[in-house]
Amino acid sequence: LKLFAQLINNKVFLLSFIRTLESQRSFSMRDRGNVASLIMTVLQSKLEYATDVLKQLLADLIDKNLESKNHPKLLLRRTESVAEKMLTNWFTFLLYKFLKECAGEPLFSLFCAIKQQMEKGPIDAITGEARYSLSEDKLIRQQIDYKTLVLSCVSPDNANSPEVPVKILNCDTITQVKEKILDAIFKNVPCSHRPKAADMDLEWRQGSGARMILQDEDITTKIENDWKRLNTLAHYQVPDGSVVALVSKQVTAYNAVNNSTVSRTSASKYENMIRYTGSPDSLRSRTPMITPDLESGVKMWHLVKNHEHGDQKEGDRGSKMVSEIYLTRLLATKGTLQKFVDDLFETIFSTAHRGSALPLAIKYMFDFLDEQADKHGIHDPHVRHTWKSNCLPLRFWVNMIKNPQFVFDIHKNSITDACLSVVAQTFMDSCSTSEHRLGKDSPSNKLLYAKDIPSYKNWVERYYSDIGKMPAISDQDMNAYLAEQSRMHMNEFNTMSALSEIFSYVGKYSEEILGPLDHDDQCGKQKLAYKLEQVITLMSLDS
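Throughout, the working numbering is defined as the position within the sequence shown, counted from one, plus 1349.
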């Protein structure tokens, strides 16, 4: 593997290797992303060299894009090549410090603000819809009556510590109550270090010393015409000011069967149902807990009946039209979150934010794209703007906005996910150069931010123009910066394991890779084919 590492560190070999792989029909999109990430992992300690290779691959990609008569604006739009995925990873490495010291704070504040705002009103544990939402798809349309209660909660870690007051809604399911209590008690504890709601029981302590375990489903659960309603605090008639405690679940033989799936998954039982009804979450593979009920014909509901079951009653507001009243509600929620969205966008699109300078990587890559545009005689400012947008905001930032759980140790539920998607879409619209024509059929998220997008677009244009006016970075400065970045994360990756995964592609396509190495003059001079054959022989002896 060390010999193979020497080959990977040879630019002629690495470029030939990547080009050969990309020309194989069986080398899938997934493989491309995988190889790009593995190469960046191996080269993490040599970012100077990685940057050189990346620039060469991007220059090739631009040539290819313009030769194929594709519209130049489509460049870097998707991630269909090793170069594009390498670019994403390159920014991920180099913007880590900026994210940690600068942009992370407004992103986290936005996440917390959305979560808090959504939880002020009812959230349906099964459909994932909420009274407060930015997304019309996740808006409860029916009128739900609810009251806010304050419960006094005994800490699960220390029964003698003072009780914590927690705001809860009387229409919350028991799992939702447990999650709100855990959020309050473990406010400053990362999500992965907190107890899971599924592993705790909620105990209601009544005055006489009586203790009652409350559950989402038990013998008191109401069933009407095949619809089984989850228990809420209102169902148990828990009054304001009650004392409750979270206690570790007592696993009896009966519970063990029922809860094996629940406690194994970190999300609550009902989150799984939400995913099951099609939430765009990366955790969709979790076993849907709703299936046994479907078999028995019983349908679960919480606040609104989910009419995907096809028994839509007249008079139920099942239709997805977004009338004025709903738009007003979406706008009210948007107003509450406005400052947080503005803060985040402003941080991302300013060249000097609160004393923190623009990361050199951004200036360097934007200058490289401008040089490429000059070289190809592309003077249309829209094309240049689009290349920059595709290269950084739409490639890196949108992913962070939609998935703050990549950056922070948090749990993102489906309503927060839906709202973040609306913010991410607005962010994408702000980077676009095309005109926004709005009509009565426009989706609500476009209408919602229609007034803000022109000023966001100005921020983006000013940002690109300011970066263009900054003095160019000398190669010497850039290399010093890259060396420093490499040093900072020196031993964070298992490069040997990444090398052996890259080598598995050599095994799969050895003849195709050796071919060009034999026929190319530069490769011939450096005996690259011979060296690779040596590696293949040694590796086969090892295995």
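C-beta: ideal position from N, C-alpha, C; glycine also.
Taking one beta carbon from each stretch, the region 1577 to 1588 and the region 1553 to 1566 have 3 or more pairs nearer than 8 Å; the two touch.
Residues of the same chain with a CB within less than 6 Å of the CB of Pro1455, apart from the 5 flanking positions on each side, are Asp1692, Leu1693, Thr1696 in chain order. For Lys1876, the three-state secondary structure derived from DSSP is coil. Within the same chain, and ignoring the five residues on either side of Leu1392 in sequence, the residues whose Cβ sits closer than 7 Å to its Cβ are Tyr1398, Ala1399. Burial check for Glu1841: the Cβ neighbour count within 10 Å stays below 16, so the residue is exposed. Using a Cβ distance threshold of 8 Å, Trp1439 and Leu1403 count as a contacting pair. Taking the Cα positions, Arg1560 is about 29 Å away from Trp1576. Spanning the alpha carbons of Arg1381 and Glu1371 requires a straight line of approximately 7 Å. Annotation for Ile1411: Leu1424, Gln1721, His1725 place their beta carbon closer than 8 Å to its own, counting only its chain and skipping 5 residues before and after.
Counting other Cβ atoms within 10 Å of its Cβ, Arg1678 reaches 16 or more and is therefore classed as buried. Unbroken alpha helix (DSSP H) stretches of 4 residues or longer found wholly inside the region 1773 to 1812: 1793 to 1797, given in chain order. As the crow flies, the alpha-carbon of Met1549 is around 10 Å from that of Glu1528.
The DSSP assignment places 1523 to 1534 as complete runs of the alpha helix (DSSP H) inside the region 1480 to 1564, in order along the chain (cut-off: 4 residues).
Residues of the same chain with a CB within less than 6 Å of the CB of Ile1851, apart from the 5 flanking positions on each side, are Leu1387 in chain order. Scanning its chain for C-beta atoms nearer than 6 Å, with the 5 sequence neighbours on each side dropped, one finds around Pro1742 the residues Cys1780, in chain order. With fewer than 16 other Cβ atoms inside 10 Å of its own Cβ, Ala1701 counts as exposed. Bounds of the alpha helix (DSSP H) holding Val1747 are 1747 to 1751. Assignment of beta strand (DSSP E) within the region 1386 to 1413, counting only whole runs of 3 or more residues, yields no such run. Distance between Lys1571 and Asp1473, taken at the CA atoms: about 17 Å. Leaving aside the five residues that flank Ala1821 on each side, the residues in its chain whose CB is nearer than 7 Å to its CB run, in chain order, Asp1716. The C-beta separation of Gln1466 from Thr1775 comes to about 16 Å, leaving the pair out of contact by the 8 Å criterion. DSSP places Ser1365 in the helix class (H, G or I) of the three-state scheme. Beta-bridge partners of Arg1578 (DSSP): Trp1650. Beta-bridge annotation (DSSP): Leu1595 is paired with Leu1551.
Its chain contains Leu1787 as the residues whose beta carbon lies nearer than 6 Å to that of Ala1799, once the 5 sequence neighbours on both sides are disregarded; these appear in chain order. Put simply, of Lys1536, Thr1782, Val1596, Asp1824 the residue whose alpha carbon is nearest the alpha carbon of Met1714 is Asp1824.
The residues Leu1424, in chain order, have a CB closer than 6 Å to that of Asn1414 in the same chain once the five nearest residues on each side in sequence are set aside.
A distance below 8 Å between beta-carbons, with the five flanking residues on each side excluded, links Tyr1858 to the following residues of its chain, in chain order: Thr1369, Leu1370, Gln1373, Phe1376. Ser1504 and Val1593 have their C-alpha atoms some 9 Å from each other. Within the same chain, Lys1487, Leu1488, Ile1489, Val1653 come within 7 Å of Glu1478 by CB-CB distance, once the 5 residues on both sides are set aside. Counting only residues of its own chain and dropping the five nearest sequence neighbours on each side, Tyr1812 has a CB closer than 8 Å to the CB of Phe1698, Ser1699, Thr1700. With a threshold of 16 other beta carbon atoms within 10 Å, Arg1379 falls short and is exposed. In the DSSP assignment, Glu1573 is bridged to Trp1576. Collapsing the DSSP output to three states places Ala1681 in a helix. According to DSSP, residue pairing for Ile1472 in a beta bridge involves Ala1479.
If you ignore the 5 residues before and after Val1431, its C-beta comes within less than 7 Å of the C-beta of Ile1367, Glu1371, Arg1381, Val1384, Ala1385, Leu1406, all in its own chain and listed in chain order.
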